[in-house]
Structure formats: structure tokens, C-alpha cells
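Working notes for the structure below.
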Amino acid sequence: MLQFLIRRLLWAVFLFLAATLITYVIFYVVPADPAKQMCGRACTQEDVARVAHHLGLDRPVYEQYGRYLWQLVGHQSLGTSYTTRQEVNHIIAQTAPVTASLVFGGAFFWLLLSIPVGILSALRARSIGDRAAMVFVLVGVSAHPVWIGLILSYFLGYRLHVTPIAGYCDFFNPSLGSDCGGPVQWAYHMILPWMTFMLLFAALYVRLIRANVMETMTEDYVRTARAKGASEHRVLSQHVLRNSMLPIVTILGMDIGLALGGAIFTESVFSLPGLGRQVLQSYSNFDLPVILGVVVFSTICIIIFNLVVDVLYAVLDPRIRLE
Amino acid sequence: MTATLEVEDLRTSFRTDDGIVKAVDGVSFSVDKGRTLGIVGESGSGKSVTCLTVMGLNDKRLATSSGSVRFGGEEILGASSDKLRKVRGDRIAMIFQDPMTSLNPVKSIGWQLEEAVLVHQDVTRSLAHARALELLNAVGIPHADTRISDYPHQFSGGMRQRVMIAMALVNNPDILIADEPTTALDVTTQAQILRLMQKLQDEFRMAIVMITHDLGVIAEIADDIVVMYAGKVVEQASAEDLFERPQHPYTWGLLGSLPRLTGQTERLYQIPGQPPSLLRPPSGCAFHPRCEFTFERCRAEVPELVAFGEPGHRHRCFLDNARRQQIWEAKKLEIKGEAA
Chain B
1 MLQFLIRRLL WAVFLFLAAT LITYVIFYVV PADPAKQMCG RACTQEDVAR
51 VAHHLGLDRP VYEQYGRYLW QLVGHQSLGT SYTTRQEVNH IIAQTAPVTA
101 SLVFGGAFFW LLLSIPVGIL SALRARSIGD RAAMVFVLVG VSAHPVWIGL
151 ILSYFLGYRL HVTPIAGYCD FFNPSLGSDC GGPVQWAYHM ILPWMTFMLL
201 FAALYVRLIR ANVMETMTED YVRTARAKGA SEHRVLSQHV LRNSMLPIVT
251 ILGMDIGLAL GGAIFTESVF SLPGLGRQVL QSYSNFDLPV ILGVVVFSTI
301 CIIIFNLVVD VLYAVLDPRI RLE
Chain Y
1001 MTATLEVEDL RTSFRTDDGI VKAVDGVSFS VDKGRTLGIV GESGSGKSVT
1051 CLTVMGLNDK RLATSSGSVR FGGEEILGAS SDKLRKVRGD RIAMIFQDPM
1101 TSLNPVKSIG WQLEEAVLVH QDVTRSLAHA RALELLNAVG IPHADTRISD
1151 YPHQFSGGMR QRVMIAMALV NNPDILIADE PTTALDVTTQ AQILRLMQKL
1201 QDEFRMAIVM ITHDLGVIAE IADDIVVMYA GKVVEQASAE DLFERPQHPY
1251 TWGLLGSLPR LTGQTERLYQ IPGQPPSLLR PPSGCAFHPR CEFTFERCRA
1301 EVPELVAFGE PGHRHRCFLD NARRQQIWEA KKLEIKGEAA
């Protein structure tokens, strides 16, 4: 167990260094001058140089990177934004909960839809219901999140007024001067983004679950269970499901980790102030510290979720021991 | 007295994309308590499907069966799934070819044995656990009391087959159907498992139906033998009769392909050709393309099962008796080698 954790941790450190370094290098190669942009139009050459010096932009790239790492490890600081002068830690803390709301809520709904549909599809393979589900899968897999989001927002929000068209409400604190806030408003505003996520991912998951259940149904131990005289219900719940859900756990963990890095399209369509939209904004301002902050954050998310998946897998599957 | 299991004119066919496959075509046999019936044949001869049909384990959407399967005098072919479920695992138990994949990998073997008890008996889990432990001891799992909470992957192939046997016997069945139980095991383990099955048969007084492609296995444990080819019974007889006076060319071929420790290092006899496709079986006798004694009639007509010699000995061959005896006498020398 300890050896496993150490190996995992070393791998995580490597992953982390690689992700941040690549972001740094790409940023350095892009022909942009953040110092000039920050300073404004009226700045003279000397002013720009002063700002660049102040931000450390006149140093070679490895020195900048080294200083960044030192700040991060020594002071747990992601630096300050070039454009807003806000602490990046603060920006992440503000935007991450929005993305987390979207991803975890979405994951809940896509599983809620895809698990029963996938299982039924597998049990009634080639039936009309199964074929209908497969058509849904094809549409869901082919559709773009922006398209799904806009369609939902147009019909349910703009035409039928069942949901808000876009926007976000905080879960805990109602913002001053408006009634927008609290769990009910939060959920009300998240319905459409969740549905977008649900349609997008459920399609993939239905197909995955269907294939896994169908494969597991042909396993020898399922035949053994039937030979024992177990009822179909028992065969399904005790022998098929747990085995066929094992691969789903891995993929779910990876998808959630990845999505936390920013669901750029969905957040943009519904103007959710999450990580994805933040990255988009910061990128047009060449705001390196914020972009790096999001990269660091999502790398950590992916690493953590992979670890969770590994541990969960060991719990679910006795064949895997963490050694 | 009625036999424990009576199968009569059993036919099973499967619907496939390419047409109808007659996997089992008019098979009849019976087996009594304490007796062992061996069903022999190559892969695809319909021996496994016969047993899955008896158990009601074929995919209902693809398979159709006719004929009769009587268990203790009661018809169970086509019975409701509820009724079948009560018989399966309780009165008729089955073990399978590959013990590596026949146990659920994510459940402990104790749990799987207890489940077998709990689906048929209204007892507490601790009672079921005690029964499971008793059976694990009976099949010779060392340190059964600690190993009962282990998972299948922690057992070797032979040990897993013992677990499968324990699971099959946990409800004291009248019949144990064993579908090539030793095929996936190495030779020394095979012998152990066969001996174990014989020992348990004496203890539990059950009937065994043993499916195998290995005549050596059959010779060791069967009282009666059914030889199947392309879904049909080509010969059936008592074990002694079949080994002494086999009547069908296919049986001769099977006997000839048994390895012997006679010191001679000749190549083993091989039945030429491949088993036929059941989708498009050959005309007439299904064995005729591979038979060295084929003549006109074999290609045109399907031979019926006819009685010969001892009661219960039947075969499906057009060769006349005198010719068959002549060929067998010659074959016997060849097969039994130095015995002459």
C-alpha cells in the first residue's frame, strides 16, 4: 500500500511539472507582451520595461518558472493576476465551486439516466426500446455541447419560460440587492447546464453500460449463478451489475477529473462564472498567472480523482491489491 | 422404479443469422441414482447443449427444444422458469468446464456457496455458512475455515473445481451434471478430481452425467456411455460393452486416438477431417465423409439406432454385422497393440 502511494505521488509530481512547464513554454512562445497590455496605451518604452521588470517578465523563462514553483511550494501562492491584480488563489476559490456544481450535478444526472437505460438496453438487446436508446446515443454523441445548450436555453428558457435562460446563483450567499441565491435558486439556474451535461455524457455512458452488461451476461459465472437456481433478478443484481460497473468507475473518475478543469463550452453558453469561462477570459488578456492557476488546479483534480478511482477499484474488485 | 433422469428423443435447435442449427437431434438416455453416465463426443457434437437443455439453461430467445426430459417421473422440459429454478441447483446440479471463469471474481467463495444454499432453503446465513464449510471440507480444501472467506483468484484451478463441486453438492442433489470438469486441469489434478467425484458419489448417492471428449476419463468413471456425433447418438452401451465390443466406426476412431503406455512410439490415430457444420450437415449418415468404410447407402440414407448384442447396446451404422465384427477384430489388434 505504502509503495503504491509513493509511486503514485511521484507520478503525480511528474505530471504536475510537465503540465505547468508546457503551459509556461507555450505562453512564452506566443508573441504577446503582457507588460505592455497591463501598462496601457499611454505608456512609454521605459514604463513598459519597468512593469516587465516588476512582473519578472524580463528574466529568462527558466528563472520565471523556477520562481513560480518556489512561490507555489513555499507559499502556496499561485501569484496575482496581471490584469485584475487579484490573488489567483482567490479567483480559483471563486470560480471552482461553480464548475464543481456543474460537473458533480451533471454527473449525478447523467448516471441517473444512463444506468437504467443502459441496463434495460442490454437486457432487451435489439428490441424497439434498445434501438430507440441507440438512436439517442448517436444524437447525443454527435451533438456539440454549445448546440445542445443553445437549443435547451432557447426552447425551455426563452420560449417556454420554464427555466432561466442563463446565469448563476450562489448556493450559500444571496448577493446583495437581489433574490438570487440559496440552494433553490442555485439548482433552478443549474437545471439547463446539468441537462446539457446529462445529454452529452449519458449518450456515451448508455453505450458503455450496455456493452459492459451484455458482455458480463455471457460470463461463465453468470451461467453458474443460473445453474444454482438463482432468480433472474438475483443474477442481475448480485452477479452482473457489480462486475459490469467496474470499468464505468474508472471512466467516470477520469471524466469528472477532466471536466473539473473547465467545461468551457457549457459555461460559456450559460454564462456560468466557472473555471472554463475564466480561462477563456484570461487567455484573451494573456493573463498567465490565472491560466497557470487553472492548469495547476485541474492537474491536481485529475490526480486526486485517479487516486480515488484506484482506491475504489481495489475496494470493489478483490483481484486488485494495492501492492 | 423410474429412473432418476430420463431423456427421450430430445431435440434442440438454435436460430442463427445463417439458418437453423440442429444442435441436438433425437437424443435418449436415462440414468439412475448412484450410476454414472458418460456422454462422449468431439467439440460441437451437441453434448453440452444436451445438458444445458436438461437444465433449462439455453437462451430462450434463440433455442427451441422438443422431446421429453423427466426428472423423478415428472416432465421438466418446457416447465415454467419458476419450477425449473426450484429444480436447478437443488435436485439437479451442474459443474462446468472452466473453473477459472465459473466463479464470480468479486464475491468470496463462502458467499457463493452460501448463496447456493439460501436460494433453495429457508435458513439463516450462519447455518448456510456452516453447511458451506462442511462441503469445503468434504471436497478436501485445506484450511477450509480460513479459506472460506477468500476470493476465487486466490485458488488454483484444481481447488476452484473443488469449490465448484462443493457448491453443486451443497443441497444434496439427485443428479450432478459435469460438463468437461477436468478438461481445463492438468493431468494429476484431473485424476484427483475424478477420484473425488467418485468418492462423493458413494457418499451422496447421486447420479452423475459426465460430459467429456476424453474416453480415458469415461473409462475411469462411467457405467454407461453415450457417444454423440453431429447432434445424434451414434452408439450407446454399458461401459464394458462399449470398450469390448464397439460397433460404430466413430467409436473405433475415438478408441484408436487414446494414448497408451505400450512402449511403442507410433503416432496416435487421428480421425481424418473435421466435425461437420451443423448448419449444413452432410447428407445421409453425418459421419460418412470421415468414415473409411463408407458405401452408397451411407450417403443417401440416415441410419436409425438399432439394437445389437447386449440389452441397451444400440448403434447407428449401415455396415452389416459380419463385416463390422471382421473390421473390429482387425482394429482391436491395431488399437490394443501387444495384447494380441
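Going line by line, the protein sequences match chains B and Y.
For the first sequence, my numbering gives the first residue as 1, with consecutive numbering after it.
For the second sequence, my numbering gives the first residue as 1001, with consecutive numbering after it.
Just so it is clear, CB atoms sit at the ideal spot from N, CA and C, and this is done for glycine as well.
- For A166/B, the CB contacts under 6 angstroms within the same chain, skipping 5 residues up- and downstream, are F270, S271 in chain order.
- Minimum Cα-Cα distance from L241/B among the listed residues T20/B, G261/B, T218/B, L192/B corresponds to T218/B.
- The beta-carbon of L1127/Y is placed no less than 9 angstroms from the nearest beta-carbon of chain B.
- When 8 angstroms is used as the limit between beta carbons, E219/B is near these residues of chain Y: T1101, in chain order.
- Per the DSSP secondary-structure output, Y1229/Y pairs in a beta bridge with K1232/Y.
- Around N1171/Y, the same chain offers D1090, H1120 as residues with beta carbons nearer than 6 angstroms, after the five sequence neighbours per side are excluded.
- Contact annotation for K1086/Y against chain B: G229 [CB-CB distance below 8 angstroms, chain order].
- In this structure, L260/B lies near T99/B, with their beta-carbon atoms less than 9 angstroms apart.
- Residue pairing by DSSP places H1315/Y opposite E1235/Y, V1306/Y in a beta bridge.
- No Cβ of chain B is located within less than 9 angstroms of the beta carbon of M1159/Y.
- Judged by DSSP in its simplified three-state form, V1027/Y adopts strand.
- What P1105/Y touches in chain B, judged by beta-carbon distance under 8 angstroms, is Y221, N243, D317, P318, R319, going in chain order.
- Every alpha helix (DSSP H) stretch that sits fully inside the segment 230 to 265 of chain B and reaches 4 residues is listed by chain position as 241 to 260.
- Boundaries around R1085/Y are those of the alpha helix (DSSP H), 1081 to 1087, since no beta strand (DSSP E) includes it.
- Legend: CB atoms of the segment 1226 to 1241 of chain Y lying less than 8 angstroms from CB atoms of chain B are not found in any residue.
- Straight through space, the alpha carbons of G140/B and A12/B are spaced by roughly 33 angstroms.
- Here A93/B is exposed, its C-beta having fewer than 16 other C-beta atoms within 10 Å.
- In chain order, I1221 place their CB closer than 7 angstroms to the CB of Q1198/Y, counting only its own chain and leaving out the 5 sequence neighbours on each side.
- Residues of chain B whose Cβ lies closer than 8 angstroms to the Cβ of L1333/Y do not exist; the shortest such Cβ separation is about 43 angstroms.
- With contacts defined as CB atoms closer than 9 angstroms, S1048/Y and D1214/Y fail to qualify as a contacting pair.
- Of the residues assessed, W1111/Y falls on the buried side of the cut-off, its CB having 16 or more other CB atoms within 10 angstroms.
- Chain Y places no beta carbon closer than 9 angstroms to that of R131/B, leaving this residue out of the contacts.
- Under the 8 angstroms Cβ criterion, the segment 1308 to 1316 of chain Y counts as touching the segment 1232 to 1249 of chain Y, having at least three qualifying pairs.
- DSSP places L1215/Y inside the alpha helix (DSSP H), whose first and last residues are 1215 to 1221.
- Contact check between the segment 222 to 240 of chain B and the segment 1086 to 1102 of chain Y: three or more CB pairs, one atom from each, fall below 8 angstroms, which counts as touching.
- Around the CB of V135/B, fewer than 16 other CB atoms lie within 10 Å, so the residue is classed as exposed.
- For the segment 233 to 259 of chain B, the set of positions with a beta-carbon nearer than 9 angstroms to some beta-carbon of chain Y reads R234, Q238, H239, R242, N243, L246 in chain order.
- Nearest C-alpha to L199/B among F109/B, R131/B, G74/B: F109/B.
- Interface flag for F1096/Y against chain B is set, since a Cβ pair is found closer than 9 angstroms.
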